[in-house]
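Which chain is which? The protein sequence lines are A and B, in order. My numbering puts the first sequence at residues 20 to 495. My numbering puts the second sequence at residues 44 to 474. Note that the Cβ used here is the ideal one computed from N, Cα and C, for glycine as well. Following: one structure in structure tokens, then a few remarks.
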Amino acid sequence: MPEILINGRKVEARAGQTVLEAAREAGIFVPTFCWHPQLSTAGNCRMCLVEVEGRGLDIACNMPVSAGMHVLTDSPDVQAHRRAMLQFITLNHPVDCGICDKAGECSLQDYHYAYNGQPSLSVEPKVRSTKYYNLSSRILLDNERCILCLRCTRFTHEVSKSMALGVESRGDVSVIRPVADRPLGEDPYSDNIIDLCPVGALQSRQFLHKTRVWYLEATPSVCPGCARGCTVQLWHRKREWHVKALDPAQNASIARVTPLENPAVNGPWICNKGRDLAKIFERKRAAGPMLLGAPATLEAALERARELIGAARHPVALVSSWGSNEEFAAFQRYLGAVFTGYVKCDARPEPGERIEDDLLIRADKNPNSAGARALYGDAPDELPEGTDLVLVWGEGCDFGALPRGANVIFLNAYLAPENGHAAVFLPTTIQTERSGHYTNFCGVVSGFQRCFEPAAGAVDAEALFRALAAPARVHA
Amino acid sequence: MAGRQLLMNFPVTATSHTLAEYRARGGYAAIDRTLRTLKPQDVTQEVLAAGLQGRGGASFPTGRKWQVVVPGDGQPHYLIANADEGEPGTFKDRWILENAPHLLIEGMLLTAYALEARHCFIYIRGEFDLPYRRIAAAVEEAYAAGWLGSRIAGTDFSCDLIVYRGAGAYVAGEASGLIASLEGKKGYPRNRPPRLTVKGLYQRPTVVNNVESLANVTVVMRDGAAAFRTVGTEKSPGTRLISVSGHINRPGVYEVELGFPWRRFIDEDCGGMLGGRALKAIVPGGISSRVLTGADIGPLALSHEALWDVNSTLGSGGMIVIAEGTCMVRLLHIMMRFYHHESCGQCTPCRHGTGWMHRILERIVAGQGRPEDIERLYYIAKYNDGTTICGLGDAAGYAAAGILDKFRDEFEYCIEHKRSRYEGRIECLRS
Chain A
20 MPEILINGRK
30 VEARAGQTVL
40 EAAREAGIFV
50 PTFCWHPQLS
60 TAGNCRMCLV
70 EVEGRGLDIA
80 CNMPVSAGMH
90 VLTDSPDVQA
100 HRRAMLQFIT
110 LNHPVDCGIC
120 DKAGECSLQD
130 YHYAYNGQPS
140 LSVEPKVRST
150 KYYNLSSRIL
160 LDNERCILCL
170 RCTRFTHEVS
180 KSMALGVESR
190 GDVSVIRPVA
200 DRPLGEDPYS
210 DNIIDLCPVG
220 ALQSRQFLHK
230 TRVWYLEATP
240 SVCPGCARGC
250 TVQLWHRKRE
260 WHVKALDPAQ
270 NASIARVTPL
280 ENPAVNGPWI
290 CNKGRDLAKI
300 FERKRAAGPM
310 LLGAPATLEA
320 ALERARELIG
330 AARHPVALVS
340 SWGSNEEFAA
350 FQRYLGAVFT
360 GYVKCDARPE
370 PGERIEDDLL
380 IRADKNPNSA
390 GARALYGDAP
400 DELPEGTDLV
410 LVWGEGCDFG
420 ALPRGANVIF
430 LNAYLAPENG
440 HAAVFLPTTI
450 QTERSGHYTN
460 FCGVVSGFQR
470 CFEPAAGAVD
480 AEALFRALAA
490 PARVHA
Chain B
44 MAGRQLLMNF
54 PVTATSHTLA
64 EYRARGGYAA
74 IDRTLRTLKP
84 QDVTQEVLAA
94 GLQGRGGASF
104 PTGRKWQVVV
114 PGDGQPHYLI
124 ANADEGEPGT
134 FKDRWILENA
144 PHLLIEGMLL
154 TAYALEARHC
164 FIYIRGEFDL
174 PYRRIAAAVE
184 EAYAAGWLGS
194 RIAGTDFSCD
204 LIVYRGAGAY
214 VAGEASGLIA
224 SLEGKKGYPR
234 NRPPRLTVKG
244 LYQRPTVVNN
254 VESLANVTVV
264 MRDGAAAFRT
274 VGTEKSPGTR
284 LISVSGHINR
294 PGVYEVELGF
304 PWRRFIDEDC
314 GGMLGGRALK
324 AIVPGGISSR
334 VLTGADIGPL
344 ALSHEALWDV
354 NSTLGSGGMI
364 VIAEGTCMVR
374 LLHIMMRFYH
384 HESCGQCTPC
394 RHGTGWMHRI
404 LERIVAGQGR
414 PEDIERLYYI
424 AKYNDGTTIC
434 GLGDAAGYAA
444 AGILDKFRDE
454 FEYCIEHKRS
464 RYEGRIECLR
474 S
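Structure follows, in structure tokens:
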């Protein structure tokens, strides 16, 4: 355990650590652009220059700790060099923060105000470069904003292993470019480079110029895209900005999805499917309860369902693998004694989707199969002979494969043709409208929180299970 | 003749570079004797005793560089000859590659034996055509004669030598940039630590030596350390190949015994200044070394320590002689255009600093200089120094600060009068 001094303070470092890591662990902030804990050290931004007494300046991110060294992270010399590095970085960087999506969460902006704050010393024209370079169908690149920290190229080389990006040309005209035969569009993790980019050079097409980040807040959630259950942040408009939204739909929509760092599950990454959760959650919703396709009140639908349950001799429930642990518990408590439960596979891979890899993506495209399997067995290909009532909870059920003559009680959130085929149809809330927990494939439980009001007519599955067990007032 | 000669000690003819003539001059005797009678560490000790300094630019003791590589540590070691001679004004390694390729090959064999390296590389500058053909042919000859390959000269020592052509980048002449390029990557220099002698090519201990340093290893092992030390000065033994260009009557490559009087070398060996003009300045060792004025060099001897004393260096041995009447603003502008063009763009200060300096100088040369420009150039040079990944970023700052220190009045004149005192001349007109 080498003991080092940082700004006169004793810091216990671990052998093999760098000064930057030791300082950050001790709560001493050293600014960086290119350094990232999950990527190799590039040491090219030179922002983390620190002074070691007796040895002069060097970059902290590549400096191994050695016992007794005295590091100064804020000496006048270090401050002067930081100012100079920011002068260099902003030399050709367009100050177009007013139209840059990164503004408000940009390291360069933050460091400029924290460490420099002066206008540029340069009177020379800036080096112009490509704006809106088409990296893939998801990502645009602004080479003028790029500070060549090479986080994106290192990500594609070291984490996603798609090797899709490289640097072309040299000097102050060098540009990040895709590698000819390795399209970034085929990298299912490509959008992580947008988060990695410390400036606004890499821009998400789906988020481009949609909103300013300071209108948004993040709600912790779990990606339901596969059994990995990556923790994510769902960004949506802050309540205090709701009245100013140009379109009320903005207030109830997911602006973007970013990873929520979680070493136990996904580290700091998520895949592109996780970025597109809006595609899953913002599908057309079922309008209200129905009895054999005819709109009904919730009370009437529940009454009819209770009749069917009471009359059934062999009722079977196909339990959604998108249900939360809390919903499973409610089902088990209210209806567990009545129904024979089976785990249903709600979602299967889309055509062209990556099935499985060794980074994050799992072949099981449901978030809580593990939680459901803890209570029920997998659904057999054919339900047992004599089944006369099936409670189908969630999507992905082939109604044609259900036993002939069996009545169906269907709980679904989205608009689907099957909704009208069920004897009783009950609309449910979706993940963004309730809180709960999922258990991922290796048993890690992660929680998600409610960020939107439930859609009109949608009811929490927990409340429905309670009402199905015994007549009670249910609020839609 | 500027003192005794160790490398250029034979008449150059159309065939003097061949193996047969090299053998006739006593070539490959040193490696033969070394393989039979000496242990690897003896070679390192001999080179240490000879006090051989690197000839690439930094003048680091060659033997001390080798000592970092631990023999028998179970890893492969690599030796690379840096023949990516790209420093402007420098063309002395070219002479060895063209005229004495076997001297280099023998030196590499001796070094590989000392380092226990099984594989060696010559990274040769892409623009070198004749040198490439000569060294490639020499390697073929050496393989055919059994001086390369397995079980050399009937001993247990085996060594393979690969000649690799660069693609034309100044930064690939920097040892770690060279290694990145050799690995097939973009020629980006690496951060130290780890040093290349700990983790170099393919993350293995690697020694990168200059061509002339390796040729001198042959000389040390041929003549012995004691004999080598009798040439040159106490602190810098041996000779240096100096490539002289600029406003001089006889430009070319010269072998100079270290400690030889500089002025005499200019006036006698190089035939004096072009057109009999006065000596204004000398760039002593490639444009990355600090420029010296004519008055500075008057009393100086050509040796490492003498130049260090005046805050400059013999560097890469590329000497550019500048006559009175040359516009130093234009000269610095040309230098900076080079640095700007050749900056690899990896680290921030050099990527932006070189371009910034270049654009400022372009403005001054065009008669649009501003009074604060000189301070700005100093500012950029200061914050380039010691903040970059490799030394080439610092060098751009040295070049600028060196010329600004000595010829600040010319810049002030150019900014004030919106034109150069010497009409932007860099060619030497006969007076």
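Neighbours of Y426 (chain B) in chain A, taken as residues whose beta carbon is under 7 Å from its own, are H100, A103 in chain order. Under the Cβ criterion (8 Å, minimum of three pairs), the stretch 394-402 of chain A does not count as touching the stretch 464-479 of chain A. According to the DSSP assignment, P174 (chain B) belongs to the alpha helix (DSSP H) that extends over 173-187. Annotation for V38 (chain A): V69, A79, M82, V84, V90 place their beta carbon closer than 7 Å to its own, counting only its chain and skipping 5 residues before and after. In the DSSP assignment, I403 (chain B) falls within the alpha helix (DSSP H) that extends over 391-408.
DSSP places S240 (chain A) in the strand class (E or B) of the three-state scheme. DSSP lists A:G360, A:L410 as the bridge partner or partners of A336 (chain A).
Judged by their CB atoms, V218 (chain A) and C67 (chain A) are not nearer to each other than the 8 Å cut-off. Counting the other CB atoms within 10 Å of its CB gives Y234 (chain A) a total of 16 or more, which places it among the buried residues.
Spanning the alpha carbons of V241 (chain A) and W341 (chain A) requires a straight line of approximately 11 Å.
Rounded to whole angstroms, the Cβ separation of C387 (chain B) and Y231 (chain B) is 6 Å, and the two are in contact under 8 Å. Inclusion of V284 (chain A) and S465 (chain A) in the CB contact set at 8 Å is warranted, their separation being smaller than that value.
Here the alpha carbon of P236 (chain B) sits roughly 47 Å from the alpha carbon of R462 (chain B). The beta carbon of A188 (chain B) sits closer than 7 Å to the beta carbons of L62 from its chain, once the five residues preceding and following it are set aside; these are given in chain order. Note that the C-beta distance between V334 (chain B) and K449 (chain B) is below 8 Å. Inter-segment contact for the stretch 285-303 of chain B and the stretch 406-413 of chain B is absent: fewer than three beta-carbon pairs are separated by less than 8 Å.
Contact annotation: N135 (chain A) and T92 (chain A) have beta-carbon atoms that are not nearer than 8 Å. With a cutoff of 8 Å on beta-carbon distance, R161 (chain B) and D203 (chain B) are scored as near each other. Looking at the backbone, the Cα of E149 (chain B) and that of N52 (chain B) are separated by about 16 Å.
When A:W288, A:E280, A:G244 are compared, the shortest CA-CA separation from Y208 (chain A) is found for A:W288. Taking 8 Å as the threshold, the shortest C-beta distance from R380 (chain B) to chain A does not fall below it.
Neighbourhood of I330 (chain B) in chain A, by CB distance below 8 Å: empty, with the nearest CB roughly 17 Å away. Straight across, the Cα-Cα distance linking D452 (chain B) with A180 (chain B) is about 52 Å.
The beta carbon of I446 (chain B) is closer than 6 Å to those of V334, M371, L375 in its chain, skipping five residues each way along the sequence.
Among the residues of chain A, those whose CB is under 7 Å from the CB of W399 (chain B) are L110, S141, E143, following chain order. For I123 (chain B), the enclosing beta strand (DSSP E) has its first and last residue at 120-126.
Here DSSP, grouped into helix, strand and coil, assigns Q269 (chain A) to helix. When C-beta distances to chain A are compared with 8 Å, every residue of the stretch 140-169 of chain B stays at or above that value. Against chain A, the CB of C433 (chain B) has no partner CB under 8 Å away; the residue lies outside that interface. Chain-ordered listing is empty here: chain A has no CB closer than 9 Å to the CB of N253 (chain B), the nearest sitting near 23 Å. Among the bridge pairs identified by DSSP, G295 (chain B) is matched with B:V287. With contacts defined as CB atoms closer than 8 Å, P386 (chain A) and G248 (chain A) qualify as a contacting pair. Residue pairing by DSSP places H255 (chain A) opposite A:E236 in a beta bridge.
Contact residues of the stretch 176-200 of chain A toward chain B are V186, R189, G190, D191, S193 (C-beta to C-beta distance below 7 Å).
In the structure shown, G197 (chain B) falls within a helical segment according to DSSP collapsed to helix, strand and coil. Against S386 (chain B), the close residues of chain A are R189, G190, D191, in the order they occur along the chain (beta-carbon pairs closer than 8 Å).
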